[in-house]
Amino acid sequence: MAFKTIAQTDTLETFRTTFNALSTEDFGDIANLSGAISATNLVDAMNETIGIATSTAGFTIADDTSSSQIIAGGDTLTALGTANQIRTVVSAPDTLTLSFPDDVTITNDLTVTNNLTASGSTHTLGTIEVSGNTLRSTDSTRINVNDTFRANALETTTGAMIIDELGSYPRIRSTRGDKFFIFDAIPTFNSSIIFEGSSADDFETTISVTNPTADRTITIPDASGTIVLEGSSNSVTSAMIVNGTISTDDIADDQISEAKIADDAVGQDQLKSVVNLQILNSSGGVLKSLYGAGA
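Residue numbering for the sequence shown follows the working numbering, starting at 43 and increasing by one per position.
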């Protein structure tokens, strides 16, 4: 493009002819402009030209923030990875491979909308380790659950104790053959204890207490046997009375008959006072002594 100047002393006609020559010789005839360029000014025409050149000899890249960059012909696109986050590999002839390394580090939060599937045998989330179906803490011997925890059943280490539900009833049971269960505590019950018995049916035995007005203690003796209740019959035997006394208030007046007293069972020691009636012979010797109750 020729270099032209206009002196201060030049006339307006000189400026006109010089400018016309400049436009024709240096900018070209607008009639020869390609139909692909629709702009009528130089800046917009250059922008359109860049777009046409990029679409044929280059390309544009953009990120999720709508920031874009034109990669023109002859330029180099460099794909950089981040340690422990993403790995980039360029291979012939024109392949860019993006992948994760074996160990991926997420600096901030990771949000998974759908399912998260992980292979391998052991996984650690913070200090909680999941290995197969085993859950444990890596920094203590206890896992704390701050909310309500529900399960179909809870078992001890060997499964000797199980807490589950039988129908709609909660149940604590022992899986030992002898059904032995240790309470290392003093259990407190409400007003009743119900025993189902050896079979689950419509009949149960209920032990109830009247609301106590003071601390009461009922002691079960160190012995084997059957508990005698108020309505029991034929339950008290002579073996149950040891060196004891049955008061007259406990025996009705007409309840001891001759049939209830064994022969030769009453001696003089059982009488309140004893009267000795003697039968004498003619010489005054005692032939027979008869003992009877005195007044």
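Ideal Cβ placement from N, Cα and C applies to all residues, glycine included. Note that the structure is predicted; figures quoted are calculated from it, not measured.
For the options Met-282, Ala-256, Thr-259 and Phe-191, the alpha carbon positioned closest to that of Ser-266 is the one of Met-282. Under the three-state reduction of DSSP, Phe-245 is assigned to coil, being neither helix nor strand. Inclusion of Ile-79 and Gly-100 in the CB contact set at 8 Å is not warranted, their separation being larger than that value. Each residue's CA atom was taken as its position, placing Leu-122 and Val-131 some 9 Å apart.
As computed with DSSP, Asp-206 is found in a beta bridge with Arg-213. In this structure, DSSP gives Val-85 a helical state, which the three-state scheme calls helix. Rounded to the nearest whole angstrom, the CA to CA distance from Thr-47 to Thr-60 is 8 Å. Contact fails between the segment 182–191 and the segment 199–215, because fewer than three Cβ pairs, one in each stretch, are under 8 Å apart. In the DSSP secondary-structure assignment, Phe-101 is bridged to Ile-113.
Residue pairing of Glu-197 in beta bridges, as defined by DSSP: Ile-204. The continuous beta strand (DSSP E) containing Thr-139 extends over residues 137–141. Contact annotation: Thr-107 and Asn-126 have beta-carbon atoms that are not nearer than 8 Å. A distance of 8 Å or more separates the beta carbons of Thr-217 and Gly-239. Counting along the chain, Val-172 sits inside the beta strand (DSSP E) bounded by residues 170–173. Ser-173 sits close to Ser-163, with the two beta carbons spaced by under 8 Å. Per DSSP, the beta bridge partners of Arg-178 are Glu-171.
Taking Ile-94 as the centre and dropping the five residues before and after it, the same chain places the C-beta of Ala-78 closer than 7 Å to its C-beta, in chain order.
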